[in-house]
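What follows is a single structure, written as structure tokens, with notes after it.
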Amino acid sequence: MADTLIAEYRSYLADNRRRSIHSVRAYVATAERLCEFLTEHLGEPANRTTLAKAGAADLRAFLANRRGDGLTNRSTARELSAVRNFLRFALGDEAAIPALKGPRVQRSLPRPVDPEAVLALAGDAADSASDSWIGARDWAVLLLLYGCGLRVSEATGLTGDVLPLGQTLRVTGKRNKTRIVPLLDGVREAIEGYLELCPYPPAKGEPLFRGRRGGPLSPALIRRAVQGARKRLGLPEKTTPHALRHSFATHLLAGGADLRSLQELLGHASLSSTQVYTAVDTAMLLDEYLNAHPRA
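The sequence shown maps to residues 1 to 296 in full-length UniProt numbering.
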């Protein structure tokens, strides 16, 4: 029955994949909508057998139904990504998922990635990983980039010396300059979740984040994971790992952080490097003004 399958999926996301409460809620909501639609569309209860029968035409019908609810191209692409994730769980075979091309998403000017898109990007990259521990690793690394403003090389360069994790994290950046950044609870939990699943025990002086064979994690692997998730979600090409660091800075500045504090958090040697974010923040403010002002 659909209810049993949905309950199993919810448990899988929360316990096996260690997704956040918000991610679990979003993924499960899509699964519930799909099962409800297919039950009526195919005329039989939604279960693993029914889902295996659903073809590309049935999924297109589901997405068309969702478009009728007012979904944009970008939201439809996210819905399709969530559908694929659910089918991957239910069918247990990537090859059994019908090939379906997502809607075309119009490219826009470079803008900071909003928090919802960051979680969608990190969640999709994690859920598409071949192993649970690799998915947990990618989730933790991407949250580090956005939640702490790290460069991807800084995140992959962390070692077991940072353990046990506390309220802050010591990071070594360019020119071997060390800085201290606050460690958000959600980011710390993501790293701890990865460490519980990682088959290579952490050790001082050894890489914290490991590649499949136990060596240091290459930044290129994170870039590749983001590239795949970006395409599946229909996000702009400029949504890169480094864009998450930019978003961290822009959102902090918009929230009232001063430039000097931001400079320290980012590890910039010169304040002029940090000042570029004032232009980005001004652009965001102008967008809000033009969208909201009745005379604009």
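Virtual Cβ for every residue (Gly too), placed ideally from N, Cα, C.
Residues bridged to residue 168 (per DSSP): As a working mapping, residue 168 is identified with position 168 in the sequence shown. Answer by DSSP bridge pairing, in chain order: 182.
Using the Cβ count rule (16 or more neighbours within 10 Å means buried), how would you classify residue 16? Position 16 of the sequence shown, counted from the first residue, corresponds to residue 16. Per the 10 Å Cβ criterion, exposed.
If we ignore side chains and look at the alpha-carbon of each, how far apart do residue 247 and residue 112 end up? Counting from 1 along the sequence shown, the entry for residue 247 is found at position 247. Counting from 1 along the sequence shown, the entry for residue 112 is found at position 112. Answer to the nearest angstrom: the Cα atoms are 5 Å apart.
Reference residue 235, options 145, 221, 117, 146, closest by Cα: In the sequence shown, the residue the question calls residue 235 occupies position 235. With distances taken between Cα atoms, residue 235 lies closest to 117.
For residue 147, which residues in the same chain have their Cβ closer than 6 Å to its Cβ, ignoring the five residues on either side in sequence? As a working note, residue 147 is residue 147 in the sequence shown. Closer than 6 Å at Cβ, skipping near neighbours: 184, 187.
Do you know how far the Cα of residue 203 is from the Cα of residue 109? In the sequence shown, counting from the first residue as 1, residue 109 sits at position 109. In the sequence shown, counting from the first residue as 1, residue 203 sits at position 203. Only weak support exists for where residue 109 lies, its pLDDT of 39 falling under 50; the value from the coordinates is given anyway. Using only the alpha carbons, I get a separation of about 43 Å.
For residue 50, the three-state DSSP class (helix, strand or coil): Residue 50 sits at position 50 when you count from the first residue of the sequence shown. In the structure shown, residue 50 sits in a helix (DSSP, three-state: H, G or I).
Under the rule that 16 or more other beta-carbon atoms within 10 Å means buried, what is residue 99, buried or exposed? If you number the sequence shown from 1, residue 99 lands on position 99. By the neighbour-count rule (16 or more Cβ atoms within 10 Å), residue 99 is not buried but exposed.
Euclidean distance between Cα positions of residue 193 and residue 73: Working through the sequence shown from its first residue, we reach residue 193 at position 193. Working through the sequence shown from its first residue, we reach residue 73 at position 73. Their Cα atoms are separated by approximately 33 Å.
Buried or exposed by the 16-neighbour rule on C-beta atoms within 10 Å, applied to residue 43: As a position in the sequence shown, residue 43 is number 43, starting the count at 1. Its Cβ having fewer than 16 others within 10 Å, residue 43 is exposed.
Chain-order list of residues whose beta-carbon lies under 7 Å from that of residue 199 (same chain, five-residue window excluded): As a position in the sequence shown, residue 199 is number 199, starting the count at 1. Cβ within range, chain order: 133.
Is it right to say residue 176 is buried, meaning 16 or more other beta carbons lie within 10 angstroms of its own, or is it exposed? The residue you call residue 176 lines up with position 176 of the sequence shown. Exposed is the call here.
Give the straight-line distance between the Cα atoms of residue 159 and residue 191, rounded to the nearest whole angstrom. Looking up residue 159 in the sequence shown gives position 159. Looking up residue 191 in the sequence shown gives position 191. Between residue 159 and residue 191, the C-alpha separation is close to 12 Å.
In its own chain, which residues sit with a C-beta less than 8 Å from the C-beta of residue 38, not counting the 5 before and 5 after it? To locate residue 38, count along the sequence shown from 1; it is residue 38. Excluding residues within five positions, the ones whose Cβ falls inside 8 Å are 46, 50, 51, 54, 58, 62.
Residue 196: buried (16+ other C-beta within 10 angstroms of its C-beta) or exposed? On the sequence shown, residue 196 is found 196 positions in, with the first residue counted as 1. Exposed, because fewer than 16 other Cβ atoms sit within 10 Å of the Cβ of residue 196.
Report yes or no: do three or more beta-carbon pairs, one from the region 138-154 and one from the region 165-180, lie closer than 8 Å? yes
C-alpha distance - residue 66 paired with residue 76, whole-angstrom precision: Here residue 66 corresponds to residue number 66 of the sequence shown, with the count starting at 1. Here residue 76 corresponds to residue number 76 of the sequence shown, with the count starting at 1. When rounded, the distance between both Cα atoms is 8 Å.
Neighbour-count burial assignment, residue 94, 16 or more Cβ in a 10 Å radius: Here residue 94 is taken as the residue at index 94 of the sequence shown, counted from 1. Residue 94 should be labelled exposed.
Let me check understanding here. Comparing Cα to Cα, which of 155, 48, 80, 36 lies closest to residue 229? Along the sequence shown, read from residue 1 onward, the residue named residue 229 stands at position 229. Closest by alpha carbon: 80.
Thinking residue 90 and residue 48 are a contact (beta carbons under 8 Å), I'd like their distance in whole angstroms, please. For this step, residue 90 is matched to residue 90 along the sequence shown. For this step, residue 48 is matched to residue 48 along the sequence shown. Contact holds; Cβ gap of about 5 Å.
To the nearest whole angstrom, what separates the beta carbons of residue 156 and residue 86, a pair I think is in contact under 8 Å? On the sequence shown, position 156 is the one that residue 156 refers to. On the sequence shown, position 86 is the one that residue 86 refers to. With a Cβ gap of about 30 Å, residue 156 and residue 86 do not count as contacting.
For residue 245 versus residue 143, is the C-beta spacing smaller than 8 Å? On the sequence shown, position 245 is the one that residue 245 refers to. On the sequence shown, position 143 is the one that residue 143 refers to. Not in contact: residue 245 and residue 143 (Cβ atoms no closer than 8 Å).
Residues bridged to residue 210 by DSSP? Locating residue 210 in the sequence shown gives position 210, counting from the first residue. Answer is 216, bridged to residue 210.
Please classify residue 222: is it buried, with 16 or more other beta-carbons within 10 angstroms of its beta-carbon, or exposed? For the purposes of this step, residue 222 is taken as residue 222 along the sequence shown, with counting starting at 1. The residue is buried, with at least 16 neighbouring Cβ atoms inside 10 Å.
Whose C-alpha, out of 130, 137, 120, 209, is nearest the C-alpha of residue 161? Translated into positions along the sequence shown, residue 161 becomes position 161. The shortest Cα separation from residue 161 among 130, 137, 120, 209 belongs to 209.
Under 8 Å, do residue 136 and residue 122 count as touching if we go by C-beta distance? In the sequence shown, residue 136 corresponds to position 136, counting from 1. In the sequence shown, residue 122 corresponds to position 122, counting from 1. Cβ atoms of residue 136 and residue 122: not closer than 8 Å.
Just to confirm the assignment, what range does the alpha helix (DSSP H) spanning residue 97 have? Start at 1 with the first residue of the sequence shown, and residue 97 comes out as number 97. Taken as a continuous stretch (DSSP letters only), residue 97 belongs to no alpha helix (DSSP H), as it is neither H nor E.
At 4 residues or longer, what runs of the alpha helix (DSSP H) sit wholly inside the UniProt domain "Core-binding (CB)" (1-91)? 2-11, 21-42, 48-53, 56-67, 73-91
Burial state of residue 11 (16 or more Cβ within 10 Å): If you number the sequence shown from 1, residue 11 lands on position 11. It is exposed - the Cβ of residue 11 has fewer than 16 other Cβ atoms within 10 Å.
Can we count residue 132 as close to the ligand ATP, meaning its CB is less than 7 Å from some heavy atom? Absent from the structure shown: the ligand ATP. Ligands present: none.
Going by CA-CA distance only, name the one from 154, 21, 9 that's closest to residue 242. In the sequence shown, the residue the question calls residue 242 occupies position 242. Here the closest residue by C-alpha is 154.
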